[in-house]
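Reviewing the structure listed below.
Numbering (our numbering), first residue to last: 1206 to 1539.
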């Protein structure tokens, strides 16, 4: 093991890689979505379908790319922590901060449709890992769930039972106007290349930091990587709350958490199947499950204020997120 003083002096390069990776990752994911959406529009796909597929999936693109590279490089704990930690950060940090700015409205349609689906998918993920492993069969089940989810979204939208903003997608801002084919292909290619490069930088930096601090890849995935890859959701939801588009904030988090569970968590199962750390079962996944149920109860409310997550409840969510980070710090050094 390297001397502590030398380890600390060597930390600047991994930290720089993580910070730069997160910045480029966020920007390149946006370019990737714009290019893919422009290409789809050029091929005649309607803005509604683009919003419910490409744009909705784009919010989880950073997590997907980071998890793929982490799993391929033998760091499945980082990928698992990224998926679970991002969902915890989305509810505790993102929605908590958004509710502080303005009370978040929850339409009855979201309570009837999207919330039960999120709860069901969260319970499905927990059932799959109860045996202490995340294997290829588990990954395939989650991936099949993703296909079913997208199919359901598309058919519901076509029948007029769902709008893109149910998943936090503002068609007017998210779906670009038709653009020349070379430009859309150029943006798509640029976004893809930068996603790969920035994901590699982020994974390398995160693994180096974990080694220097003497903690597991899982802890780094649950904290630095998860919070970092949740920054796009934080920005989108806070801006939506500031503009008074309160419903977009809730939809954005529900959509992102669904894609994280079905797409991001499937990656380590498919690419690096194996045993899970015990703390995932007794600490991290139960926290994510508990926050999901709590959010549903807060949104359900009672008759006088049903359908609203208020500022006081935002403080509660932020407090629980801070308590979880403290718990991580305590158990990581115990």
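Cβ atoms here follow ideal geometry from the backbone N, Cα and C, with glycine treated the same way.
Since residue i contacts residue j with CB under 8 Å, what's their CB separation in whole angstroms?
{"i": "residue 1466", "j": "residue 1347", "result": "7 Å"}
{"i": "residue 1458", "j": "residue 1273", "result": "Wrong, their Cβ atoms sit about 23 Å apart, outside the cutoff."}
{"i": "residue 1240", "j": "residue 1393", "result": "3 Å"}
{"i": "residue 1454", "j": "residue 1442", "result": "4 Å"}
{"i": "residue 1435", "j": "residue 1307", "result": "So it is not a contact: roughly 20 Å between Cβ atoms."}
{"i": "residue 1400", "j": "residue 1227", "result": "In fact, because the Cβ distance is near 12 Å, the residues do not count as touching under 8 Å."}
{"i": "residue 1339", "j": "residue 1497", "result": "Not a contact, Cβ separation roughly 19 Å."}
{"i": "residue 1470", "j": "residue 1330", "result": "6 Å"}
{"i": "residue 1297", "j": "residue 1529", "result": "7 Å"}
Would you call the CB atoms of residue i and residue j closer than 8 Å?
{"i": "residue 1236", "j": "residue 1396", "result": "yes"}
{"i": "residue 1408", "j": "residue 1288", "result": "no"}
{"i": "residue 1426", "j": "residue 1222", "result": "no"}
{"i": "residue 1493", "j": "residue 1327", "result": "yes"}
{"i": "residue 1514", "j": "residue 1527", "result": "no"}
{"i": "residue 1325", "j": "residue 1468", "result": "no"}
Rounded to the nearest angstrom, what separates residue i and residue j at their Cα positions?
{"i": "residue 1517", "j": "residue 1305", "result": "8 Å"}
{"i": "residue 1243", "j": "residue 1386", "result": "8 Å"}
{"i": "residue 1473", "j": "residue 1260", "result": "23 Å"}
{"i": "residue 1383", "j": "residue 1258", "result": "17 Å"}
{"i": "residue 1332", "j": "residue 1292", "result": "17 Å"}
{"i": "residue 1391", "j": "residue 1429", "result": "31 Å"}
{"i": "residue 1403", "j": "residue 1218", "result": "14 Å"}
{"i": "residue 1363", "j": "residue 1460", "result": "18 Å"}
{"i": "residue 1487", "j": "residue 1337", "result": "11 Å"}
{"i": "residue 1238", "j": "residue 1475", "result": "24 Å"}
{"i": "residue 1303", "j": "residue 1519", "result": "7 Å"}
{"i": "residue 1508", "j": "residue 1501", "result": "The predicted model places residue 1508 with a pLDDT of 48, which falls under 50 and marks its position as unreliable; any figure quoted below should be read in that light. Whole-angstrom Cα-Cα distance: 15 Å."}
Please state whether DSSP places residue i in a helix, a strand or coil.
{"i": "residue 1514", "result": "strand"}
{"i": "residue 1248", "result": "coil"}
{"i": "residue 1428", "result": "helix"}
{"i": "residue 1356", "result": "helix"}
{"i": "residue 1449", "result": "coil"}
{"i": "residue 1208", "result": "Caution applies to residue 1208, whose pLDDT of 46 falls short of 50 and renders its modelled position unreliable; the value that the coordinates give is listed next. Coil at residue 1208, not helix or strand."}
{"i": "residue 1338", "result": "strand"}
{"i": "residue 1480", "result": "strand"}
{"i": "residue 1470", "result": "coil"}
{"i": "residue 1523", "result": "helix"}
{"i": "residue 1508", "result": "No answer about residue 1508 holds up, because its pLDDT of 48 lies below 50 and its placement is not dependable."}
On a CA-only basis, which of the options is nearest residue i? Give me that one, please.
{"i": "residue 1419", "options": "1537, 1294, 1476, 1343", "result": "1537"}
{"i": "residue 1280", "options": "1302, 1412, 1389", "result": "1412"}
{"i": "residue 1357", "options": "1318, 1442, 1266", "result": "1318"}
{"i": "residue 1414", "options": "1290, 1502, 1283, 1230", "result": "1283"}
{"i": "residue 1464", "options": "1341, 1354, 1433", "result": "1354"}
{"i": "residue 1343", "options": "1294, 1480, 1249, 1360", "result": "1480"}
{"i": "residue 1405", "options": "1255, 1268, 1248, 1238", "result": "1268"}
{"i": "residue 1534", "options": "1232, 1421, 1312", "result": "1421"}
{"i": "residue 1389", "options": "1502, 1248, 1224, 1230", "result": "1248"}
Of all Cβ atoms in chain B, is any one closer than 8 Å to the Cβ of residue i?
{"i": "residue 1262", "result": "The structure shown contains no chain B; it holds only a single protein chain."}
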